[in-house]
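Colleague: This is the structure I have questions about; it appears just below.
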Amino acid sequence: MRVAVRILAAVLLLHCGNEIVKQTISEARKKPKLKITIYQEDLALRKTIEKEVEQEHIGTVLDVGSGNGHMDLTVEVDETVTTIPKIRAILSRQGLLERSSIVVIP
């Protein structure tokens, strides 16, 4: 009887644990992601923008890259309505707004 109870408990734990993991992944996938492209390659500027995005709690920088005259940042945000203007303000302060684009990644 004890063995059966332990097996049942283990199965329930595995099932519930998997459901929690699935729910957490599902929640994470619901957050929108923004791709910021800056048509200039400047590592110091990119690092400054990354730092400001995270210090101002706008979002989490997930990925960065550069090449062919541009830099990219992928930022995960809670929502886009208020965060896009905040990112635009950062780009403006750095003199990059006119050379940048922000796209919501589907």
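Taken in order, the sequence shown gives residues 19 to 124; the numbers are from the working numbering. Quick reminder that beta carbons are idealized off the backbone N, C-alpha and C, glycines included.
#1: Mapping DSSP to helix, strand and coil, what is Leu52?
#2: Rounded to the nearest angstrom, what separates Val122 and Glu94 at their Cα positions?
#3: How many angstroms separate the CA atom of Lys51 from the CA atom of Ala22?
#4: Would you call Leu114 buried or exposed, if buried means 16 or more other Cβ atoms sit within 10 Å of its Cβ?
#5: By how many angstroms is the C-alpha of Thr98 removed from the C-alpha of Thr66?
#6: To the nearest angstrom, how far is it from the Cα of His75 to the Cα of Ile25?
#7: Can you check which of these residues, Asp90, Val29, Gln73, is closest to Ser118 by C-alpha distance?
#8: Any idea what DSSP makes of Leu91, helix, strand or coil?
#9: Start and end of the alpha helix (DSSP H) containing Val71?
Modeller: In short:
#1: Counting from 1 along the sequence shown, the entry for residue 52 is found at position 34. Residue state for Leu52 is assigned as strand, using DSSP reduced to three classes.
#2: Looking up residue 122 in the sequence shown gives position 104. Looking up residue 94 in the sequence shown gives position 76. Approximately 10 Å between the Cα atoms of the pair.
#3: Stepping through the sequence shown from its first residue, residue 51 is reached at position 33. Stepping through the sequence shown from its first residue, residue 22 is reached at position 4. Whole-angstrom Cα-Cα distance: 46 Å.
#4: As a position in the sequence shown, residue 114 is number 96, starting the count at 1. When all chains shown are included, Leu114 counts as buried.
#5: Mapped onto the sequence shown, residue 66 falls at position 48. Mapped onto the sequence shown, residue 98 falls at position 80. Cα-Cα distance, rounded: 21 Å.
#6: Start at 1 with the first residue of the sequence shown, and residue 75 comes out as number 57. Start at 1 with the first residue of the sequence shown, and residue 25 comes out as number 7. The alpha-carbon of His75 is positioned some 45 Å away from that of Ile25.
#7: Residue 118 sits at position 100 when you count from the first residue of the sequence shown. Ranking Asp90, Val29, Gln73 by Cα distance to Ser118 puts Asp90 first.
#8: Reading the sequence shown from its first residue, position 73 is the one you call residue 91. Per DSSP, reduced to three states, the secondary structure at Leu91 is strand.
#9: Against the sequence shown, residue 71 aligns to sequence position 53. Here the alpha helix (DSSP H) through Val71 covers 61-73.
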